[in-house]
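Sequence positions in the sequence shown follow mature numbering (1 follows the signal peptide of the UniProt record, and there is no 0) and run -16 to -1, 1 to 692.
Note that CB positions come from ideal geometry on N, CA and C, so glycine has one too.
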Amino acid sequence: LFLVFFSPQVLLLACAEDLGCVPGFQQKVFYIEKPFEFIEDQLVLNLKFDDCKGNNKLNFEVSNPDFIVELDGNLVALKNVSEVGRALFVHARSEHAEDMAEIFILEANEKRDALKEILKLEGNLGIPRQKRAILATPILIPENQRPPFPRLVGKVIRSEGTEGVKFRLSGKGVDQDPKGTFRINEMNGDVSVTRTLDREAIANYELEVEVVDMNGKTIDGPVRLDISVIDQNDNRPMFKEGPYIGHVMEGSATGTTVMRMAAFDADDASTDNALLRYNILKQTPTKPSPNMFYIDPEKGDIVTVVSPALLDRETMESPKYELVIEAKDMGGMDVGLTGTATATILIDDKNDHAPEFTKKEFQATVKEGVTGVIVNLTVGDRDDPATGAWRAVYSIINGNPGQSFEIHTNPQTNEGMLSVVKPLDYEISAFHTLLIKVENEDPLIPDITYGPSSTATVQITVEDVNEGPVFHPNPMTVTKQENIPIGSVVLTVNATDPDTLQHQTIRYSVYKDPAGWLEINPTNGTVGTTAVLDRESPFVQNNVYTALFLAIDSGNPPATGTGTLHITLEDVNDNVPSLYPTLAKVCDDAKDLRVVVLGASDKDLHPNTDPFKFELSKQSGPEKLWRINRLNNTHAQVVLLQNLKKANYNIPISVTDSGKPPLTNTTELRLQVCTCKKSKMDCSATDALHISLTLILLSLLSLFCKSF
């Protein structure tokens, strides 16, 4: 037996017998306690449907295919059923009406609360606390109904009659978008749908109904009218998250999960319309087994089903498999709708093959003195070229004590490029033997090791070439005084021929001699001077003069070696000091008679330079006009002893350096005495030029000496 609860609307109908026949289910909502199991052919409850016109061509549909409603309204199970969900929906349709009933299945602990909620008991009379004037029972409408429209889907009832009043319906689907989907007969309360509904667009409509008088004034309501759209299986499953790419390592254990496929169904997720089951329709390629993978029909997980030995990337026709996956709704039943997608599964490589040289011995020939790649070593590896399990790493494990060789991997070909990085010498060794090892970037799996084929020998033959003579030492350095006599010997250079087995002769020549000061004996290499060596020459940098010489052997063709000679020049006192400035100006009424500070410089080096000695030549006339005061080792100051008239004066000043022997230079300081007014100095239109008598006497003496 089943405990059946009646909804408030049903109780209201029971108290309104004077309202006449209402088309549809006489009770639309039922609450039953969930049994341990629904028994085959056992009555669940009785549904009463009346279209008020004889129920011609009456037909029932149940949302769960495990149940049917017989023509007398009895709901029975077609087989023993333990799980049916929280609700059943029964759709009834006759020639003149159709309606939907809801059967809610409650757990035992929900019974008491449901009864109180539904009946709202007052005392023990079982009468609702308050009698409603408007009865608006929920309406259930299947989606995708076919024309003709409008279709009657329900009825709103007023307990106090409909004379002199009108029904008014409002809300989304009436006067709000999508407008005009529902309408109500103003006079009798019949509710109609005007078009096909789509649950996936709108699943529920919440409308309001009220009763108004003929002037539009509200008398009763508004009361909520719920319309629910019953789902139909009108949406195929869809795979939305592609492309679907999975990876599995070769040799993986049977049952290894590769990836998950998940489809989406827009139908009601609480119904079988969206209950999906997965299946593999096709596998490409079909070798080594047509059933390499299995998909969990409920979860969509793809797993391997072959042994690890068959999941061998190197023996497969292709390391890529494509599976056509089907998702079917209705729990995979034949009537379900399907959707498909392609899953791509890549068999990832692991390092289960060691690289092997294509031959045990390689040959190479290189000329002495040459660097660069001399041979490419080739290897084979069955692993995936795009991974570190294939990429080779080479090393020289024997025969390279002088580190003359290096080996690197060509990233495109995986070959080992063996190079000479330090020039080889034929006279030292004409043959070299290297032992080369090859490994992978990634370590091998534990049960695989590198074998004899992972090493190879390289035999290298060095070819003799005519090498140029070599100077010893190079560069060559020597120290000489500047100004040594022409023809002096600087040094004798020494060059030897590395080709000791060829017994060649060597000749010498000057290659670069910027100042043209040197010569070399072509036979014995003696370097001598052809001009005076001058430390102050612009060709000398930091006291060093540089020249280049050639040593040429007698080979065919001859080979040349270059030697560099650095001559450090020692200074001698061969430059007189110079004085600066040589012009000074002073006002004829100046109060400060310190005319000018003089400086001296010398091209020579210390100690042939400062301290300098400053002296005035003998002054003519009855009185002295100026004097010179020493300020420091390199500077002195000229001071007037009295104001002079506007004129130009030449003052002879002698400067002597500290060399041994010392050198003296006499320079005339030109002094202009000018007129100064308002901070302006006028040195034009000077009076007669005043020349020191001493300077005149010196000039006459010079001319007299030249005449003899």
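Between valine 449 and glutamate 352, the gap from beta carbon to beta carbon is short of 9 Å. Between the alpha carbons of histidine 231 and lysine 266 lies a distance of about 18 Å. Between the region 330 to 349 and the region 310 to 318, the count of Cβ pairs shorter than 8 Å is below three; the stretches do not touch.
Bounds of the beta strand (DSSP E) holding tryptophan 610 are 610 to 614. For aspartate 588, the CB contacts under 6 Å within the same chain, skipping 5 residues up- and downstream, are Asp555, Asn557, Asn559 in chain order.
Judged by DSSP secondary structure, threonine 324 falls within the beta strand (DSSP E) whose first and last residues are 322 to 332. For the pair isoleucine 211 and isoleucine 123, the CB atoms are nearer than the 9 Å cut-off. In this structure, threonine 439 lies near lysine 421, with their beta-carbon atoms less than 9 Å apart. Around the C-beta of asparagine 188, fewer than 16 other C-beta atoms lie within 10 Å, and the residue is accordingly described as exposed. Taking C-alpha positions only, aspartate 573 is separated from threonine 651 by approximately 27 Å.
The secondary-structure analysis by DSSP pairs threonine 202 across a beta bridge with Val196. With 16 or more other Cβ atoms inside 10 Å of its own Cβ, phenylalanine 341 counts as buried. The straight-line gap separating the alpha-carbon atoms of isoleucine 391 and glycine 364 is approximately 17 Å. Secondary structure at threonine 299: helix, using DSSP grouped into helix, strand and coil. In this chain, lysine 662 is not harboured by any beta strand (DSSP E), its DSSP state being neither H nor E. Listed in chain order, the beta strand (DSSP E) elements of length 3 or more contained wholly in the region 24 to 98 are 27 to 30, 43 to 46, 51 to 53, 58 to 61, 71 to 77, 82 to 90. Looking at the backbone, the Cα of threonine 178 and that of lysine 271 are separated by about 58 Å. Threonine 476 is a Cβ neighbour of asparagine 508, given a cutoff of 9 Å.
Glycine 383 sits in coil when the DSSP states are folded into three classes, being neither helix nor strand. DSSP places aspartate 256 in the helix class (H, G or I) of the three-state scheme. Residue environment analysis places glutamine 11 among the buried positions, since at least 16 neighbouring C-beta atoms fall within 10 angstroms of its C-beta. In this structure isoleucine 89 is buried. Its beta-carbon is surrounded by 16 or more other beta-carbon atoms within 10 angstroms.
As computed with DSSP, valine 473 is found in a beta bridge with Gly512. Per the DSSP secondary-structure output, threonine 441 pairs in a beta bridge with Glu345, Leu419.
At a cut-off of 3 residues, the continuous stretches assigned as beta strand (DSSP E) that sit fully inside the region 232 to 284 are 241 to 244, 261 to 268, 277 to 279.
By the CB criterion at 9 Å, proline 595 and asparagine 613 fall outside the cutoff. Take the alpha-carbon of glycine 372 and the one of aspartate 336: they are about 12 Å apart. Burial state of phenylalanine 415 is exposed, judged by a 10 Å Cβ sphere holding fewer than 16 other Cβ atoms. DSSP places serine 493 inside the beta strand (DSSP E), whose first and last residues are 490 to 496. In this structure, DSSP gives methionine 314 a helical state, which the three-state scheme calls helix.
DSSP places proline 436 within a helical segment (H, G or I) once states are collapsed to three.
Restricting attention to alpha helix (DSSP H) runs no shorter than 4 residues, the region 545 to 591 encloses none.
Using a 10 angstroms sphere on the CB of alanine 620, the tally of other CB atoms reaches 16 or more, which defines it as buried.
Rounded to the nearest angstrom, the gap between the Cα atoms of lysine 406 and glycine 545 is 19 Å.
By the neighbour-count criterion, in which 16 or more other beta carbons inside 10 Å mark a residue as buried, serine 663 falls on the exposed side. Remark: fewer than three beta-carbon pairs, one from each stretch, lie closer than 8 Å, so the region 226 to 246 and the region 161 to 177 are not flagged as touching.
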